Amino acid sequence: MIKNIFPGATSLLVLFSFIFFVQSAEAKVLPQARGSTQKSTAISVYPKLRVDRRALIINFSNLQNVLAMSYSLTYKTSTQDEGAIGSLPLGGPSTATSELLFGTCSKNVCKYHTGIKDAKLEVSYTSKSGKKYLKRYRIKV
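Numbering that gives the first Met the number 0 numbers the first residue of the sequence shown as 0 and each following residue consecutively.
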């Protein structure tokens with residue numbers, strides 16, 4: 000009968016030793032997983048081609064943290080380099096949309112460029128903290 004108690008007592012002794020002698024471990028949070036308490040100064044830029052592929056529609060958001068912002072679209076046609084530039088008035092809503100044509104318009108008559116390649120969009124802005132940013136995009140037409 001004493002032989003039957005000994006294996007049970009040994010297993011209980013091992014179990015209690017793990018409970019009392021093993022130190023607790025803490026989970027570590029990586030820096031990139033920690034929540035940031037700072038406001039983001041980055042604007043969001045969503046360029047997309049118009050359905051007929053004759054213009055680029057740019058949606059901007061998070062503009063409330065920006066002092067100044069401008070953008071430029073450059074591209075090549077079969078004959079020469081072309082482009083368009085613009086800026087947005089700030090201090091109003093935090094979102095805005097702009098449409099840039101691949102061509103020119105005069106008196107409601109538009110002439111669209113053909114053979115467009117190497118289209119690039121650059122958006123530059125200055126945050127309210129004074130830091131300058133530049134975002135670049137390649138546009139496939």
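For every residue, glycine included, the Cβ atom is placed at its ideal position computed from N, Cα and C.
All values reported here derive from a predicted model rather than from experimental measurement.
Beyond the five residues adjoining it in sequence on each side, D80 comes within less than 8 Å, by CB distance, of T73, Y74 in the same chain, given in chain order.
If you draw a straight line from the Cα of Q63 to the Cα of L100, it is about 27 Å long.
Residue range 80 to 86 is occupied by the beta strand (DSSP E) that includes I84. As computed with DSSP, A118 is found in a beta bridge with I138. The Cβ neighbour count for Y70, taken over all protein chains shown within 10 Å, is at least 16; the residue is labelled buried. In this structure, N58 sits near Y45, with a CB-CB distance shorter than 7 Å. In this structure, V65 places its C-beta atom within 7 Å of the C-beta atom of L89. Just so you know, the alpha carbons of L48 and S128 end up roughly 32 Å apart. Out of K139, L55, R52, S43, the CA that lies nearest to the CA of D117 is found in K139. As DSSP reads the structure, G102 sits in a beta bridge with Y111. In the assembly as shown, L55 is a buried residue. Its beta-carbon has 16 or more other beta-carbons within 10 Å.
For S69, the uninterrupted beta strand (DSSP E) run begins and ends at 65 to 75, by DSSP.
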